[in-house]
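With full-length UniProt numbering applied, the sequence shown has no gaps in its numbers, which climb one by one up to 82 at the end.
Using N, Cα and C, we set each Cβ at its ideal position, and we do this for glycine too.
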Amino acid sequence: MADVEEEEEQAEKKFRKCEKAGCPATYPVQCTKPECGKWRQLTKDIQLTASLAATYRCGMKLNNIKNEGPDQCSQPEDMVRH
């Protein structure tokens, strides 16, 4: 459990450092459904933590906002720059 907390603390520090530096307005995250694996863009107002990245699924409810549509995995992959 301490490892998860440490990872989230590190993610928080990176997020704040990036925020201060004026990083892009979105963050890439990959769907964890084995049959999907598509990359999505999360807006800057959603903090990407290690636990979110490990459990993210297309269309999941974040900050009390759910993406529209019953099956977001069927939507085309977002354009992601690596």
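Legend entry - Option in 44, 56, 79 with minimal Cα separation from residue 32: For the purposes of this step, residue 32 is identified with residue 32 of the sequence shown, where counting begins at 1. It is 56 whose Cα lies nearest to the Cα of residue 32.
Legend entry - Counterpart residues of residue 40 in DSSP-defined beta bridges: Counting from one through the sequence shown, the residue named residue 40 turns up at place 40. DSSP, once it has assigned bridges, lists 29 as partnering residue 40.
Inset, instruction - Tell whether a beta-carbon distance below 8 angstroms holds between residue 26 and residue 41. - result: Along the sequence shown, one-based indexing puts residue 26 at 26. Along the sequence shown, one-based indexing puts residue 41 at 41. It is a contact, given that the beta carbons lie within the stated cut-off.
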